[in-house]
Amino acid sequence: MSTTTATETHAGTAEHHELGFIRKYIFSTDHKMIARQFLFSALMFLLLGGLLAVMVRWQLGFPGRPLPAFIRWIFPDTMAPGGIILPEFYNSLVTMHATFMVFFALMPLMAGVFGNLLIPLQIGAEDMAFPRINMASFWIMPVAGFIMLASFFVEGGAAGAGWTSYAPLSSSGEWTGVYMGQILWLVSLIVLGFSSILGALNYVTTVINMRAPGMTWFRIPLGTWSLFITAWLLLLAIPILTGGLILLLFDQTIGTAFFRPEGSGEPLLWQHIFWFFGHPEVYILILPAMGFVSEVIACRSRKPIFGYHSMVIALVSIAFLSWVVWGHHMFQSGMNPLLGMTFVVTTVVIAVPSAIKVFNWIGTLWRGDIHFDAPLLHAVAFVSLFIIGGLSGMFMAAAPVDIYIHDTYFIVAHLHYVLVGGSLFGIFAGIIFWYPKMFGRMMNEGLGKVHFFLSFLFYNMAFFPMHNLGVQGMMRRIYDPNQYEFLQGLQPLNTFISISIFLFAFTQIIFAFNFLWSLRYGKVAGSNPWKSNTLLWTTPSPPPHGNFPEMPTVYRGPYEYSHPDVEEDFWPQNVPPAKSEAGGQTAAAPTPEPVPGD
Amino acid sequence: MSNAAVATMDRKPMPGMMVYNKKLGMWVFLLSEVMFFTSLIGSYVILRFAHPDHWTEVGTVLNVQLTALNTFFLICSSVTMVKAFAAIQAGDQKGLQRWLLATILIGATFVGIQVVEYMALSGEGFVPMLDSYHAVGRGNPHEGPSLGGPLYGATFYAMTGFHGAHVSIGVLCLIFVYIQSLRGVYTVQDHEGVEVIGLYWHFVDLVWIFLFTIVYLI
Amino acid sequence: MAEQEHSHPPYILIWVVLLVLTLAEVAMSLYMTNVSKVVLAVGLIFMAVWKAALVAMYYMHLRYEPARLWILAISPIPLAFILVLAVISEF
């Protein structure tokens, strides 16, 4: 069964034979199944990352207190003797929390799930350009994940030098006590990089070459646009990280001195390599969510996206600028101050396109016929929390201010506002919105609202006070702030934060239950339950193999909501312009008719 | 785009990049490879700026002449590759097979010479690791002073090693394409596989053009 | 598929030019010891870029591909410069 990818005129369900269980569910080349595979795997890793965070907060909220009896038995004496978390294990906890969240939860959720789900369906393609490479891209992820998980069980435990793995702390186990774990961390991420690169090249090729007729660049939905731009960032940034990881691996294993000062190596080189990747990386973690939010806000406000063109230009500008701001992570590194000043300027500039997007979302909501359902609530929360995260970012962009707040909890607050308040809420919006297309059923709306309100409440209770902690001098990754007298007064706040985190974590059970319950018992969904315009919603829920019976034709942009010329408050992209009844398969209006805008 | 224009497209996708998927995919992949070599080569340039004393005069440690010959071989293999492609464009199956085989053999020779070079260099004490670096240089007695420093060795082996790995993978892929050509898989109308492996192979040559210059000649 | 309607690029001629440039590079590097390091480096890199451009344009066919493809192909090059030049300023 070779799918000829050469000529694209063949569309639709070519395979009529039944695929066996393995080919259908395990080694599938269908982008929709791969999206589901990414979804289940990533949610598991999200859970793991969350549990690691809960352990971190246990130590900070109840320092030196043994873990509760029901989980104490899990941890051997090398990690938590008598249930009391050791400082070395704490270092591993903060490192692995971030590592699993960034690389195994957020990236797969953003690019793996939604890249796979949205791109072919929104552009009118039958699948990705390279379905087998797509399959490979998925399967590399659990392999890398297994290696990362294994690192907990080796002598010395899991990596403990932070997710940023600064050399020379990370290049030898002398200071962290971690040897094999650090090596496995590097190997795992090197392997995972291939997944990202293969996926990215697939997305780029598909969007460029496989759009349905009439789908010009400025008729592509913002969901696909954001994923297309993200794919470029992945393609070009991940290999930089891979190179750096390899050099660090050599330092650790064969004894080179790329980053080790005792051999004239340069620790600063590691930081530059890491953050040259690391800054585009954080945009990889947020841009897709911005795309989801645009789709949801336009659809649920029944209004066109305000400033669609400027939204696209903003995405492109952010992507371009993201390459020249990396030094703002390094203001305190001892870097050349003139270079640092350059980064201040570029960092302030990159706030502008992000702000334009925020104004446009607000403009979209303005006087819209807003349906306050779960996707919309999460999308609006994204906007408000992203604003807070962005504003704290402005403080840090100013190097003189950053002198005081670098590596404090102010930074931790910022990054969690953009990654949880932003990315995670955006992902929730996306999951709930596209769940019917993936699984053929709706998630429960009541549970969705309860989950949303409680999450929003506990999230802010947990993370907003971290701004205070930071400004008052509490540093990040610290095991015991009480060792410093000036921080002892912050313990009540830390305990409050920890309890809020536990409540936030418990609240996610509602989401998990809703997700799993609805798979079986959710309301059966039609093809277009949200009355959205994109080609994706013209297919059955879930779509068959091949997606479209024949390649659709696109006549307009994706945001023609509440258009005066149309009776309904939405106007799908593939409905021919003849405004009369037969919205059928007639290919063209032979007589040239005045077309509403292009 | 006017809807009248759309009507003429007859269920074909938008023109896009105006090259077929596999070719676009390979080019996009090569861009990621450019970034990968950027991190390795960039690290070399940066470390050399920071610690120029780790490097020596041209030709004192590395065998420029042998590597120049090797460079000649790799360039030849690019020619044989392009001749293979030209052959299948004209429908010449035998020509395709012969030129592919030539490319494979020359590529393997390149790797072989590099392995020999590595063995000679490490025998002279030119190694990547900090503790055992003691490069006496070409033709010098083993008890001579150490030339340069360990960063020289570390960056050399990292850059050329990964390039060699890419060449090796290229050779394996070429063997696959060669076997396919023996089975008559490629035709005048459809020889995409030959073109895309060609692109990869030329890219590997292109990287070497830079590496040879900045590692051996400067 | 039917893109290569042009006659073949002069493959052998390009090969000869590549060889000549390679020999010139080696000669310059080994025998022009009187010029400053900077001049040497600039000259050698110039020749290397010239060789690379020939391989890209003729062997990789970029000269005959749609413009949008070679624009895509050169897109990562500025990034390489940005990284290296910025970090060199540290030392």
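Chains as they are written, first to last, in our numbering: chain A, 1063 to 1660; chain B, 1053 to 1270; chain C, 1325 to 1415.
The C-beta atom is built at its ideal place from N, Cα and C for all residues, glycine as well.
For residue 1243 of chain A, same chain residues with a beta-carbon under 8 Å away, outside a window of 5 residues either side, are 1154, 1213, 1214, 1216, 1218, 1219, 1220, 1221 and 1222 in chain order. Comparing alpha-carbon positions, the option among C/1392, C/1396, C/1335 and C/1344 lying closest to residue 1121 of chain B turns out to be C/1344.
In the DSSP assignment, residue 1632 of chain A forms a beta bridge with A/1623. Shown here, residue 1615 of chain A sits in coil according to DSSP, grouped into three states, outside any helix or strand. Residue contact check for residue 1390 of chain C against chain A: no CB pair falls below 8 Å.
Pairing residue 1467 of chain A with residue 1458 of chain A gives a Cβ-Cβ distance under 8 Å. Taking the CA atoms as reference points, residue 1506 of chain A sits about 16 Å from residue 1516 of chain A. According to DSSP, residue pairing for residue 1537 of chain A in a beta bridge involves A/1470. The segment 1061 to 1147 of chain B contains, as complete alpha helix (DSSP H) runs of 4+ residues, the segments 1073 to 1102 and 1116 to 1141 (chain order). Taking 8 Å as the CB threshold, residue 1163 of chain A stays off the interface with chain C.
The closest CA to that of residue 1143 of chain B, considering only B/1253, B/1236 and B/1260, is found on B/1236.
Residue 1053 of chain B has a beta carbon lying within less than 8 Å of a beta carbon in chain A. Secondary structure note for residue 1307 of chain A: its alpha helix (DSSP H) is the uninterrupted segment 1284 to 1315. Secondary structure of residue 1216 of chain A (DSSP, three-state): coil. Cβ-Cβ distances below 6 Å link residue 1239 of chain B to nothing in the same chain once the five nearest sequence neighbours on each side are left out. Residue state for residue 1406 of chain A is assigned as helix, using DSSP reduced to three classes. Counting C-beta pairs with one atom in each stretch, the segment 1386 to 1401 of chain A and the segment 1426 to 1435 of chain A have fewer than three that are closer than 8 Å, which means they do not touch. Residue 1519 of chain A places its beta carbon 8 Å or farther from that of residue 1534 of chain A. In the DSSP assignment, residue 1388 of chain A falls outside any alpha helix (DSSP H) and carries neither an H nor an E. The shortest C-alpha to C-alpha distance from residue 1166 of chain B to any of B/1114, B/1187 and B/1201 is the one to B/1114. Around the beta carbon of residue 1099 of chain A, 16 or more other beta carbons lie within 10 angstroms, which makes this residue buried. No Cβ of chain A is located within less than 8 Å of the beta carbon of residue 1270 of chain B. Rounded to the nearest whole angstrom, the C-alpha separation of residue 1239 of chain A and residue 1140 of chain A is 11 Å. A straight-line Cα-Cα distance of about 48 Å links residue 1351 of chain C and residue 1269 of chain A. Nearest neighbour of residue 1227 of chain B by Cα position, chosen from B/1249, B/1254, B/1085 and B/1174, turns out to be B/1249. The three-state reading of DSSP puts residue 1281 of chain A in helix, counting H, G and I together. For residue 1241 of chain A, the CB contacts under 6 Å within the same chain, skipping 5 residues up- and downstream, are 1218 and 1235 in chain order.
Of all residues in the segment 1330 to 1346 of chain A, those with a C-beta nearer than 9 Å to a C-beta of chain C are 1330, 1331, 1334, 1335 and 1338, reading in chain order. For residue 1243 of chain A, the uninterrupted alpha helix (DSSP H) run begins and ends at 1242 to 1271, by DSSP.
Around residue 1400 of chain C, the beta-carbon contacts reaching into chain A at under 8 Å are 1298.
Pairing residue 1113 of chain A with residue 1336 of chain A, the inter-Cα distance amounts to about 26 Å.
Within the same chain, and ignoring the five residues on either side of residue 1386 of chain A in sequence, the residues whose Cβ sits closer than 7 Å to its Cβ are 1408. Here residue 1362 of chain C carries a helix assignment [DSSP, helix/strand/coil]. Among the residues facing chain B, residue 1386 of chain A is not included, as its CB has no counterpart in that chain under 8 Å away.
Residue contact check for residue 1397 of chain A against chain C: a CB pair falls below 8 Å. In the DSSP annotation of this structure, residue 1193 of chain B is not part of any alpha helix (DSSP H), being labelled neither H nor E.
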